[in-house]
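Protein chains in written order, with the working numbering: chain P, 1 to 432; chain E, 1 to 432.
Written as structure tokens, this is what we have:
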């Protein structure tokens, strides 16, 4: 097996030894920022108090709200002239969250992305088409610098313009795509419309991320585009892409533990959950100079996968993102994640790519409606067939989410398509 | 004086000696591409035939149409695996024009941009906000890599979202902007709406390019944003930005002659024009490996400025772009460039930022209408004042373009605004 980085071959002991050294450095470095100087002092923690990895749990977590309140630069831990880049969330509500980087930060970020891509077989002679938005969004420049570090022939295509994406894939013989799952499905549908099949495309690998999605969605993407799709996890607060990435075994994403410490906690108590239990992912940077972040609450739900990966890497694996702590819907008092509904829907071969979850309140009672597109071949005239399918979907959804939904079956193309992130949940409760 | 690069201090003799060496290498390198192998053979030119810079004139020019016909890779002169980036025009009409780069090409491009920025006082401790579109367009990544080479704190803001641009300028204390002229005016107007003046902004320098504009427009930008605005010239076929750039004397743009050979020719005869005469700029790359281009017809109109620049650099200066050979309008048989009209309009202090040129044909006779926004303070009720202004504009336009236009004076805000490149000419002839 080929590795990009020696850190991929470390044993658990080596990983944890390096983590402790880097954690101590990071706490020291962080205390150079106004925010952490105050926060650590308040918690009575000096950098020298970190004597084991377990001591990290004494550090108070950092939230998105902290980052907003510290806008524009309260977490910066180096002199301003050492900063060479910033990335920011759109900030449509409230202040944007901003992350500042030094040149070293950018270099190690690019290395992590390059390592992730190399792990799934991307090599310097690949042609890499990046369909992520460039600019302040980290998905564009983040992956771009990783591909450049590898020496791929990079097409900075950006999002949208699907006809041109397909033209470039064919004309430049693109072998590797970076693409969000909903756009991958959209691209697949556009291919079909042009009478092309995935098998005719030169693409071999897709890096997919930024949107929670199910295993069924991944398999559809693989089948429609004729390639292997690998899950990527990242968030701008932890650089962006290159935090955790699937290896070729596609059994969960290895967190690059030489660069981050992941924890999974109960979002209410902040206590660690049992191995294998779902909780909120909390992350600490280990290599960042410009703006180290300690115990960042990602709001992303996942769990550690137990056992060793067949690839031999000892970096722990997390499951695909199972939802956002914030996406939780409370319906008739029951906690439901949209991902649970998607997982049921995608188990039916009759179900197409598009669905919408609508919440209304009727006479003060929550009503959940799921509108589902049925694939062309299955949308038959015989009402009895459709009614049978509809009942089966209702039954399986009820078993999964413990609430009985309405299910509307509609023809392919009747629901709004999107070239960007798909809007799956429309909550009209209290808005009529 | 500080220089970024030793090449800035070369004498004419040194520049020309290096140019000849690099030109011979470039012709040799180009002949490794399918396109130039055939083209040079057809013209009976072997690389060894280039014995002086004058011998370049025996090489047939390359046109945009050649680039389109050679899509996707007919001009590539290196093995495919050495390519690491491509940029492409939008290709809204016909095939896109594509330029492929090696890592060396990207490095020397970044150096040229860094040198240009350094020349106007940009330093590592500057905060640089890039309002260009990223992705396939070269204005975004091209300038971005130059700023990174210098070590500026770079905000990859991208275009649009003007409220956020202003917020970032103020919150991150942006000192250097990269911005197209029409958007700089738009930003200035947005500032005024927020009750801010340019003097309150931290910006010191704006790099402006990508759109032909007049000296009056530059001065308005400088006044509105409270900074110095420096003209930048580039085109994706010659990398993008970093081809020619103004020094602090603001008397024309130095072409980086260690990396390019510029010629100015009569677009009909391809003969060189006399020094100081306007003609079409023709450019040859001297450092490009992936895709060298010989005698590219830019279609941009300019002229060499004579005399030595007070800055001491011996790299020849070109005037601001005076129009596109393709933008030429033929009205009643007269050749007219939109820039001529803009230059007249901007000479009137009453005239605002926005104007539109409309061409219609009435009873088979061309009719030119110029709609002009009048600044708020000048749009008075007294018709006689407005009529006097209108007549003065008509008279000056007629003197400049030899055709008598209609001139409509309208209130500020009545013409469509654009956040992107301004559409100034609407030709409705033959379309009614």
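Backbone N, C-alpha and C define an ideal beta-carbon position, used for all residues, glycine too.
Worksheet item: Which residues does DSSP pair with residue 359(P) in a beta bridge?
Response: Along the first chain, one-based indexing puts residue 359(P) at 359. DSSP output for residue 359(P) lists 368(P) and 427(P) as bridge partner(s).
Practice prompt. Kindly say whether residue 66(P), judged by its beta-carbon, lies nearer than 8 Å to any beta-carbon of chain E.
Written response: For the purposes of this step, residue 66(P) is taken as the residue at position 66 of the first chain. With 8 Å as the cut-off, residue 66(P) does not count as an interface residue toward chain E.
Worksheet item: What are the residues of the stretch 122 to 148 of chain P that lie near chain E, defined by any Cβ-Cβ distance shorter than 7 Å?
Response: Cβ proximity to chain E below 7 Å picks out 124, 125, 134, 135, 136, 140, 141 and 148 from the stretch 122 to 148 of chain P.
Worksheet item: Could you give the residue range of the beta strand (DSSP E) that holds residue 83(P)?
Response: Looking up residue 83(P) in the first chain gives position 83. Where residue 83(P) is concerned, the enclosing beta strand (DSSP E) stretches over 83 to 88.
Practice prompt. Count the CB pairs spanning the stretch 65 to 83 of chain P and the stretch 96 to 111 of chain P that are closer than 8 Å, and state whether there are at least three.
Written response: These segments touch.
Worksheet item: Which residues share a DSSP beta bridge with residue 253(E)?
Response: Residue mapping note: residue 253(E) aligns to position 253 of the second chain, counting from 1. Per DSSP, the beta bridge partners of residue 253(E) are 246(E) and 318(E).
Practice prompt. Indicate whether residue 301(P) and residue 325(P) have their beta-carbon atoms separated by less than 8 Å.
Written response: As a working mapping, residue 301(P) is identified with position 301 in the first chain. As a working mapping, residue 325(P) is identified with position 325 in the first chain. The beta carbons of residue 301(P) and residue 325(P) sit closer together than 8 Å.
Worksheet item: If you run the structure through DSSP and keep just helix, strand and coil, what is residue 231(E)?
Response: On the second chain, residue 231(E) is found 231 positions in, with the first residue counted as 1. In the three-state reduction of the DSSP assignment, residue 231(E) falls in the strand class.
Worksheet entry | chain E residues whose Cβ lies nearer than 8 Å to that of residue 171(P) | Against the first chain, residue 171(P) aligns to sequence position 171. Going along chain E in sequence order, the residues near residue 171(P) (Cβ under 8 Å) are 71 and 72.
Item to complete: For residue 206(P), count neighbouring C-beta atoms within 10 Å of its own C-beta (all shown protein chains included) and say buried if the count is 16 or more, exposed if not.
Response: Along the first chain, one-based indexing puts residue 206(P) at 206. It counts as buried.
Worksheet item: Between which two residues does the alpha helix (DSSP H) containing residue 434(E) stretch?
Response: Past the edges of chain E, shown from 1 to 432, lies residue 434(E), and the structure says nothing about it.
Discussion item. Please state the DSSP three-state secondary structure of residue 129(P).
Written reply: For the purposes of this step, residue 129(P) is taken as the residue at position 129 of the first chain. Strand.
Item to complete: Give the range of the beta strand (DSSP E) segment to which residue 331(E) is assigned.
Response: Sequence index remark: in the second chain, residue 331(E) carries index 331 (1-based). Secondary structure note for residue 331(E): its beta strand (DSSP E) is the uninterrupted segment 329 to 331.
Worksheet item: So residue 60(E) and residue 297(E) are in contact, right, with Cβ under 8 Å, and what is the actual spacing, rounded?
Response: Counted from its first residue, the second chain places residue 60(E) at position 60. Counted from its first residue, the second chain places residue 297(E) at position 297. 11 Å between Cβ atoms; not a contact.
Practice prompt. Drop a sphere of 10 angstroms on the beta-carbon of residue 195(P), count the other beta-carbons inside from all chains shown, and report buried for 16 or more, exposed for fewer.
Written response: As a first step, residue 195(P) is located in the first chain; it is residue number 195 there, counting from the start. Exposed is the call here.
Worksheet item: Are there three or more Cβ pairs, one per stretch, closer than 8 Å when the stretch 128 to 142 of chain E is compared with the stretch 151 to 165 of chain E?
Response: Output reads yes: the stretch 151 to 165 of chain E touches the stretch 128 to 142 of chain E.
Discussion item. By alpha-carbon positions, which one of 373(E), 399(E), 294(E) and 317(E) ends up nearest to residue 50(E)?
Written reply: In the second chain, counting from the first residue as 1, residue 50(E) sits at position 50. Among 373(E), 399(E), 294(E) and 317(E), the Cα nearest to that of residue 50(E) belongs to 294(E).
Worksheet entry | Whole-angstrom distance between residue 331(E) and residue 423(E), CA atom to CA atom | The sequence position of residue 423(E) within the second chain is 423, counting from 1. The sequence position of residue 331(E) within the second chain is 331, counting from 1. A direct Cα-Cα distance of roughly 19 Å separates residue 423(E) from residue 331(E).
Worksheet entry | Anticipated Cβ contact below 8 Å, residue 351(E) with residue 385(E), distance rounded | In the second chain, residue 351(E) corresponds to position 351, counting from 1. In the second chain, residue 385(E) corresponds to position 385, counting from 1. That belief does not hold up - the Cβ atoms of residue 351(E) and residue 385(E) are roughly 14 Å apart, past 8 Å.
Worksheet item: When we look at the beta-carbon of residue 401(E) and count the other beta-carbons within 10 Å, is it buried (16 or more) or exposed?
Response: In the second chain, the residue the question calls residue 401(E) occupies position 401. That one is buried.
Worksheet item: Checking contacts by CB at 8 Å: is residue 267(P) closer than that to chain E?
Response: The residue you call residue 267(P) lines up with position 267 of the first chain. At a cut-off of 8 Å between C-beta atoms, residue 267(P) does not count as an interface residue with respect to chain E.
Worksheet item: Just checking my contact of residue 191(P) with residue 155(P) at CB under 8 Å: how many whole Å lie between their CB atoms?
Response: For the purposes of this step, residue 191(P) is taken as residue 191 along the first chain, with counting starting at 1. For the purposes of this step, residue 155(P) is taken as residue 155 along the first chain, with counting starting at 1. Contact doesn't hold; Cβ gap of about 17 Å is too wide.
Worksheet item: What are the partner residues of residue 282(E), as DSSP defines its beta bridges?
Response: Residue mapping note: residue 282(E) aligns to position 282 of the second chain, counting from 1. Among the bridge pairs identified by DSSP, residue 282(E) is matched with 263(E) and 297(E).
Discussion item. Counting C-beta neighbours from all protein chains within 10 Å, is the total for residue 388(P) 16 or more, i.e. buried, or is it exposed?
Written reply: Taking the first chain and counting its residues from 1, the one referred to as residue 388(P) is at position 388. Counting Cβ neighbours within 10 Å, residue 388(P) comes out exposed, since fewer than 16 surround it.
Worksheet item: When we look at the beta-carbon of residue 76(E) and count the other beta-carbons within 10 Å, is it buried (16 or more) or exposed?
Response: Here the question's residue 76(E) lines up with position 76 in the second chain. The C-beta of residue 76(E) has 16 or more other C-beta atoms within 10 Å across all chains shown, which makes the residue buried.
Practice prompt. Let me know if residue 127(E) comes out buried or exposed under the rule of 16 or more other beta-carbons within 10 Å of its beta-carbon.
Written response: As a first step, residue 127(E) is located in the second chain; it is residue number 127 there, counting from the start. Under this definition residue 127(E) is a buried residue.
Worksheet item: Do the stretch 305 to 325 of chain P and the stretch 255 to 272 of chain P meet, that is, are 3 or more Cβ pairs less than 8 Å apart?
Response: With three or more CB-CB distances shorter than 8 Å, the stretch 305 to 325 of chain P counts as touching the stretch 255 to 272 of chain P.
Worksheet entry | Residues bridged to residue 272(P) (per DSSP) | One-based indexing of the first chain puts residue 272(P) at position 272. Per the DSSP secondary-structure output, residue 272(P) pairs in a beta bridge with 265(P).
Item to complete: State the start and end residues of the unbroken beta strand (DSSP E) segment that holds residue 336(P).
Response: Residue 336(P) sits at position 336 when you count from the first residue of the first chain. Boundaries of the beta strand (DSSP E) harbouring residue 336(P): 334 to 336, taken from the DSSP string.
Worksheet item: Given that residue 81(E) touches chain P, what residues does it touch there, using C-beta distances under 7 Å?
Response: Within the second chain, numbered from 1, the residue matching residue 81(E) stands at position 81. For a Cβ distance threshold of 7 Å, residue set 124 and 125 of chain P lies close to residue 81(E), ordered along the chain.
Worksheet item: Along the stretch 245 to 263 of chain P, what residues have a CB closer than 7 Å to any CB found in chain E?
Response: Flagged: no residues at all.
Discussion item. My output table needs one value for residue 354(E): the three-state DSSP class, helix, strand or coil.
Written reply: Residue mapping note: residue 354(E) aligns to position 354 of the second chain, counting from 1. Collapsing the DSSP output to three states places residue 354(E) in a strand.
Discussion item. My assumption, with CB atoms under 8 Å, is that residue 320(E) sits in contact with residue 369(E). Please give the rounded CB distance.
Written reply: Against the second chain, residue 320(E) aligns to sequence position 320. Against the second chain, residue 369(E) aligns to sequence position 369. Between residue 369(E) and residue 320(E) the Cβ distance is about 26 Å, and since that is not below 8 Å, they are no contact.
Item to complete: Quick one: list the residues of chain E neighbouring residue 157(P), beta-carbon separation under 7 Å, in chain order.
Response: For the purposes of this step, residue 157(P) is identified with residue 157 of the first chain, where counting begins at 1. Here the neighbours are 135 and 136.
Practice prompt. Using beta-carbon positions only, say whether residue 213(P) and residue 181(P) come within less than 8 Å of one another.
Written response: Here residue 213(P) refers to the residue found at position 213 when the first chain is read from its first residue. Here residue 181(P) refers to the residue found at position 181 when the first chain is read from its first residue. Using a Cβ distance threshold of 8 Å, residue 213(P) and residue 181(P) count as a contacting pair.
Discussion item. Any C-beta of chain P within less than 7 Å: which residues of the stretch 268 to 300 of chain E qualify?
Written reply: Within the stretch 268 to 300 of chain E, no residue has a Cβ lying closer than 7 Å to any Cβ of chain P.
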